[in-house]
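With UniProt numbering, letter number 60 in the sequence shown gets 60, and the count goes up by one each step, no holes.
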Amino acid sequence: RLLLRADNADRRLTRRGVEAGCVSDERAELLFEKERSMDISRSSLRAFALPNAEWAQRGFGVKPNGEIRSAEQMLHVPKASLDEVEAAMREAPHGWRKVGPPEGEPLPSLGREAVEIEIKYANYLERQEREVSRLQDNAATAIPPTIDYSTLPCLSKEEVEKLTAARPATLHEAGLIAGITPKALFYVFKEVAQRSRTRESQAQQEQRHAPAASSDTTDWAWEGAEAHHFAELP
Numbered sequence: 001r002l003l004l005r006a007d008n009a010d011r012r013l014t015r016r017g018v019e020a021g022c023v024s025d026e027r028a029e030l031l032f033e034k035e036r037s038m039d040i041s042r043s044s045l046r047a048f049a050l051p052n053a054e055w056a057q058r059g060f061g062v063k064p065n066g067e068i069r070s071a072e073q074m075l076h077v078p079k080a081s082l083d084e085v086e087a088a089m090r091e092a093p094h095g096w097r098k099v100g101p102p103e104g105e106p107l108p109s110l111g112r113e114a115v116e117i118e119i120k121y122a123n124y125l126e127r128q129e130r131e132v133s134r135l136q137d138n139a140a141t142a143i144p145p146t147i148d149y150s151t152l153p154c155l156s157k158e159e160v161e162k163l164t165a166a167r168p169a170t171l172h173e174a175g176l177i178a179g180i181t182p183k184a185l186f187y188v189f190k191e192v193a194q195r196s197r198t199r200e201s202q203a204q205q206e207q208r209h210a211p212a213a214s215s216d217t218t219d220w221a222w223e224g225a226e227a228h229h230f231a232e233l234p
């Protein structure tokens with residue numbers, strides 16, 4: 001859900017439209033302008049910093065000590081908003097430590113929502129990107145036909161019903177089912193991987209506990225073969 005957002009739909013899809021020849025140059029230029037504005041916003045948020053004591057005086061939920069935090073870092077603080085952070089950037093020019101304060105507003109208006117979301121939820125976004133990449137790498141993984149989707153508590157009732165009805169053979173096939181989210185696919189993948197690890201562990205235990213060939217039996221067999229060999233000698 002964090003990766004597939006309305007505010008980043010243009011950045012996810014416009015370039016594909018350009019490659020397909022169905023997006024105008026004007027529309028593409030709007031995207032490039034938005035991306036430039038977002039880069040400026042990120043750079044400005046990194047360039048502005050205040051001691052925690054000053055952030056706390058402005059109502060941010062941090063301990064009032066001498067630790068220095070950038071405006072970008074403040075967006076990770078619970079309940080901190082981009083509007084509040086920008087107000088501090090506007091009212092405290094001494095916080096611009098790497099560059100001078102801008103002549104106009106501290107941040108461009110274009111792409112603000114996307115910048116705020118991507119900074120505030122950076123850790124979650126990175127985790128989701130890793131999960132999506134992992135699913136893509138394991139798309140051919142077979143799903144056991146006996147899997148009971150209703151035992152997976154993280155799946156919604158609708159997802160359970162659709163997967164049970166379709167019985168996809170692989171993760172790729174499961175991903176083609178309408179209404180099955182990447183998150184649901186990841187839960188299915190985890191279940192399949194866990195089953196595989198369990199089977200491997202059981203096989204290793206059975207191998208360790210299997211009775212070894214008796215040394216006495218081995219010696220007897222060798223001695224019998226040796227006696228038979230010598231009996232045939234002239």
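All residues carry an ideal CB built from backbone N, CA and C; glycine is no exception.
- Task: Let me know the secondary structure DSSP gives residue 237 once reduced to three states.
- Result: For the chain, the structure presents residues 1 to 234; residue 237 sits outside this window and is missing.
- Status (buried if at least 16 other CB within 10 Å, exposed otherwise) for Tyr149: Your numbering for residue 149 matches position 149 in the sequence shown. It is buried - the Cβ of Tyr149 has at least 16 other Cβ atoms within 10 Å.
- Message: Which complete alpha helix (DSSP H) runs does the region 101-175 hold, if anything under 4 residues is left out?
- Response: List check, alpha helix (DSSP H) in window: 112-120, 122-137, 157-166, 171-175.
- Quick one, which of Asp10, Asn65, Arg195, Glu129 has its alpha-carbon nearest Thr146's? Mapped onto the sequence shown, residue 146 falls at position 146. Measuring from the Cα of Thr146, the nearest candidate turns out to be Arg195.
- Task: Please name the residue in Gln73, Glu72, Pro51, Met74 whose C-alpha comes closest to that of Pro64.
- Result: The count along the sequence shown starts at 1 and reaches residue 64 at position 64. A check of alpha carbon separations from Pro64 across Gln73, Glu72, Pro51, Met74 identifies Pro51 as the nearest.
- Message: Out of Ala203, Lys34, Asp39, Ala87, which one is the CA nearest neighbour of Glu54?
- Response: The sequence position of residue 54 within the sequence shown is 54, counting from 1. That would be Ala87, whose Cα lies nearest to the Cα of Glu54.
- Can you say whether Ala6 is buried or exposed, counting buried as having 16 or more other CB atoms within 10 angstroms of its CB? One-based indexing of the sequence shown puts residue 6 at position 6. Ala6 should be labelled exposed.
- Query: Looking only at its own chain, which residues have a Cβ that is under 8 Å from the Cβ of Ser41, when we skip the five neighbours before and after it?
  - Reply: Position 41 of the sequence shown, counting from 1, holds the residue named residue 41. Excluding residues within five positions, the ones whose Cβ falls inside 8 Å are Leu107, Pro108, Gly111, Arg112, Val115.
- Query: Since Ile68 is in the beta strand (DSSP E), which residue starts that stretch and which ends it?
  - Reply: Residue mapping note: residue 68 aligns to position 68 of the sequence shown, counting from 1. 68-70 is the extent of the beta strand (DSSP E) around Ile68.
- Query: To the nearest angstrom, how far is it from the Cα of Met89 to the Cα of Ala9?
  - Reply: Taking the first residue of the sequence shown as position 1, residue 89 is located at position 89. Taking the first residue of the sequence shown as position 1, residue 9 is located at position 9. Taking the straight line from one Cα to the other gives about 29 Å.
- Given Ile177 as reference, the closest of Pro153, Glu158, Pro93 once Cα atoms are compared: Along the sequence shown, read from residue 1 onward, the residue named residue 177 stands at position 177. Comparing Cα positions, the closest option is Glu158.
- Item | For Thr141 and Thr170, the rounded distance between their alpha carbons | On the sequence shown, residue 170 is found 170 positions in, with the first residue counted as 1. On the sequence shown, residue 141 is found 141 positions in, with the first residue counted as 1. Roughly 5 Å between the two C-alpha positions.
- Count the other CB atoms within 10 Å of the CB of Gly95; is the residue buried (16 or more) or exposed (fewer)? Taking the first residue of the sequence shown as position 1, residue 95 is located at position 95. Counting Cβ neighbours within 10 Å, Gly95 comes out buried, since at least 16 surround it.
- Own chain partners of Leu155 with C-beta closer than 7 Å, once the 5 adjacent residues on each side are dropped: Within the sequence shown, numbered from 1, the residue matching residue 155 stands at position 155. Here the set comprises Tyr149, Ala184, Tyr187.
- Please check the pair residue 243 and His172, which I expect to be a contact at CB under 8 Å, by giving their CB distance rounded to whole angstroms. Past the edges of the chain, shown from 1 to 234, lies residue 243, and the structure says nothing about it.
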